[in-house]
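Chains as they are written, first to last, in the numbering used here: chain A, 3 to 217; chain B, 3 to 217.
For glycine and all other residues, C-beta sits at the position ideal for the given N, C-alpha and C.
If you're wondering where the values come from, they're calculated on a predicted model, not measured in any experiment.
Number of protein chains: 2
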Amino acid sequence: MSDQPPKNSRLRDAVRTQAEILDVATREFAERGYAGARVDEIAALTRTTKRMIYYYFGGKEQLYIKVLERAYTGIREAEQAVDVTGLDPAEAIRHLAQLTFDHHTEHADFIRLVSIENIHRAEHLAKSETLAKAGTPVIDLISGILARGREQGVFRDDTDAVDVHMMISSFAVFPVANQHTFGTLFGRDPLDPARRAHYRRMLGDMVVAYLRTGS
Amino acid sequence: MSDQPPKNSRLRDAVRTQAEILDVATREFAERGYAGARVDEIAALTRTTKRMIYYYFGGKEQLYIKVLERAYTGIREAEQAVDVTGLDPAEAIRHLAQLTFDHHTEHADFIRLVSIENIHRAEHLAKSETLAKAGTPVIDLISGILARGREQGVFRDDTDAVDVHMMISSFAVFPVANQHTFGTLFGRDPLDPARRAHYRRMLGDMVVAYLRTGS
DNA sequence: CGGCTAATGTACGAACTGGTTCGTTAGTAG
DNA sequence: CTACTAACGAACCAGTTCGTACATTAGCCG
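See the structure below:
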């Protein structure tokens with residue numbers, strides 16, 4: 003039981019300070035949008051000062067881009083971890099769709115950042131070198147599933163992987179992205195646990211039913 | 003060919019001034035978000051001055067709420083104009099879905115405002131008396147179609163009108179709401195005319211295929 | 001045609017906000 | 001132990017932004 007100082011006992015720790023700024027900034031940008039986010043507010047919620055944001059990131063915009071990059075990295079990693087070996091095509095696409103649904107409904111901040119970025123016509127996304135060249139593993143995965151489905155004659159063949167990904171994403175994103183307007187107008191919280199489970203099944207059924215329909 | 007002064011020759015016209023402010027404000031808010039929109043900019047794009055925005059609307063937030071109300075009124079009216087008499091249930095739901103798709107892809111400003119409003123957790127929507135109590139005609143329409151479909155034994159019965167509306171909306175909203183991030187990441191503009199027609203058909207097929215699947 | 005009021009324009013100010021300047025200190029290499 | 005540098009903090013600044021006070025006038029009503 004020695005009293006060794008824990009790693010973060012260092013008063014000055016570049017890595018930790020940067021990580022803390024990114025964490026707080028992610029919340030702030032997701033919460034208030036790019037224009038609505040306040041650099042001073044981010045600094046205040048950190049153990050450090052505004053000075054360090056400019057020291058490490060250069061400015062509000064560069065910080066926002068880093069936040070975006072980190073958020074997208076999260077979903078890329080989740081996608082790469084998906085394994086559908088041993089599943090028949092219908093089971094495979096359902097599995098992938100429902101994992102996508104789970105990921106989105108569990109990462110509202112990410113969805114909010116994407117919405118915000120679309121309001122800005124993806125101008126920051128375009129500026130990011132990391133994200134521009136990063137591949138999209140999920141497309142390859144879907145391509146493989148679709149190919150198998152067609153070989154076996156169980157899937158239609160007039161829709162490609164990107165289209166199917168869009169179909170899945172649409173239904174996985176909507177309850178999160180439009181939770182509040184939808185909830186207000188229809189008096190029904192789309193993320194209520196029971197409803198969420200129902201939508202999860204709906205999504206799987208929907209994608210499989212669509213793909214099985216003759217073209 | 004008399005030289006009668008046209009109606010808008012009046013230098014002072016309350017109705018016209020208010021309408022012009024609302025038009026410009028809609029564009030500005032949809033373009034830059036609530037926090038990003040500038041009252042001075044809205045005024046500058048109008049034939050009148052900032053003074054009048056405060057005179058007629060009271061402030062930035064009330065103006066934004068009016069903009070929201072007008073945008074929602076547009077889609078309400080479109081929904082009320084939908085007529086599916088004479089169509090069998092599958093045809094009817096496909097028709098409605100594709101009209102929804104058309105409306106959304108043609109009204110990007112509305113979709114952007116909805117995204118923005120969700121970032122703000124629908125707090126302005128909640129403040130609007132007009133919108134809070136306004137009904138949602140489309141739900142009744144869908145209810146009727148679903149009921150007929152079930153009577154005829156062609157539709158599953160574990161999904162209600164609001165759920166089906168959400169399914170339709172998801173796929174109709176996504177290409178517009180996420181046009182830029184999706185386009186950037188997958189190198190494919192989801193609103194490209196050819197693609198748009200393909201997605202329109204996909205949506206119809208998808209909803210019908212889903213509803214026909216046994217529960 | 002006189003006067004009353006809705007409608008309008010100008011100029012300004014207080015608070016906010018992104019970014020910077022200047023100086024300080026913790027940690028470590030030698 | 002010393003000296004050097006990466007890491008840091010406080011105060012400040014210039015430009016912006018929502019909102020308002022004050023002055024003015026178009027258009028209508030009797």
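Can you find a C-beta in chain A that's less than 8 Å from the C-beta of Ser171/B? Yes, its Cβ sits closer than 8 Å to a Cβ of chain A.
Output yes or no for whether 8 Å exceeds the beta carbon distance between Ile147/A and Val209/A. No.
Determine the closest residue to Thr186/B out of Asp111/A, Ala128/A, Glu63/A, with distance taken between C-alpha atoms. Of the candidates Asp111/A, Ala128/A, Glu63/A, Ala128/A places its Cα closest to the Cα of Thr186/B.
Find the residues of chain B that neighbour Asp15/A, judging by a C-beta separation of less than 9 Å, and give them in chain order. Within 9 Å Cβ-Cβ: nothing; Asp15/A doesn't reach chain B, min ~33 Å.
Where Ala46/B and Ile121/B are concerned, what is the direct C-alpha to C-alpha distance, given to the nearest angstrom? 27 Å
Between Gly206/A and chain B, is any beta-carbon pair separated by less than 8 Å? Answer no: the Cβ-Cβ gap between Gly206/A and chain B never drops below 8 Å.
Nearest chain A C-beta to Asp194/B closer than 8 Å, yes or no? Any Cβ of chain A closer than 8 Å to the Cβ of Asp194/B would place that residue at the interface, and such an atom is absent.
Around the C-beta of Val178/B, are 16 or more other C-beta atoms found within 10 angstroms, so that it is buried, or is it exposed? buried
Chain B partners of Ile121/A, CB-CB under 7 Å? Gly35, Arg114, Ser117, Ile118
Could you have a look at Gly171/B and say whether DSSP puts it in helix, strand or coil? In the sequence under discussion, the amino acid at residue 171/B is Ser, which differs from the Gly named in the question. Correct three-state label for Ser171/B: helix.
Burial state of Val26/A, where buried means 16 or more other Cβ atoms lie within 10 Å: buried
Could you check whether Gly35/A and Gly137/B sit closer than 8 Å to each other, using their CB atoms as the reference points? no
Return yes when the Cβ of Phe173/A is within less than 8 Å of the Cβ of Ser172/B, no when it is not. yes
Measure the alpha-carbon distance for Leu193/A versus Gly155/A and round it to whole angstroms. 36 Å
Proximal residues of chain A, C-beta to C-beta of Thr186/B below 7 Å: Ala124, Leu127, Ala128
Minimum C-alpha distance to Thr107/A - residue among Asp162/A, Val175/A, Gly88/A, Met168/A: Val175/A
Candidates Tyr201/A, Ala211/A, Asp207/A, of which the one nearest Asp2/A by Cα: Because chain A here runs from 3 to 217, residue 2/A falls outside it and cannot be looked at.
Check whether Tyr58/A and Phe31/A have beta carbons under 8 Å apart: no
If Ala211/B and Thr215/A are in contact, beta carbons under 8 Å, what's the gap, nearest whole angstrom? Yes, Ala211/B and Thr215/A are in contact; Cβ-Cβ is about 4 Å, under 8 Å.
Taking Arg38/A as the query, report the chain B residues whose CB atoms sit under 9 Å from its CB, ordered along the chain. According to the sequence provided, residue 38/A is Gly. The question's Arg does not apply to it. Here the neighbours are Gly35, Tyr36, Ala37, Gly38, Ile121, His122.
Endpoints, alpha helix (DSSP H) assigned at His109/B: Where His109/B is concerned, there is no enclosing alpha helix (DSSP H), given that its DSSP letter is neither H nor E.
Which of helix, strand or coil does DSSP assign to Ala83/A? Of the three classes helix, strand and coil, the one that applies to Ala83/A here is coil, per DSSP.
Where do the ends of the alpha helix (DSSP H) carrying Val156/A lie? It is not in any alpha helix (DSSP H) - Val156/A carries neither H nor E in the DSSP assignment.
Thinking just about the alpha-carbon of each residue, which of Ala73/B, Ser130/B, Thr161/B, Thr132/B is nearest to the one in Ile144/B? Thr161/B
Would a C-beta distance cut-off of 8 Å place Arg152/B and Asp159/B closer than the cut-off? Between Arg152/B and Asp159/B, the CB-CB gap stays under 8 Å.
Show which residues of chain A have a CB atom less than 9 Å away from the CB atom of Gln181/B. Asn120, Arg123, Ala124
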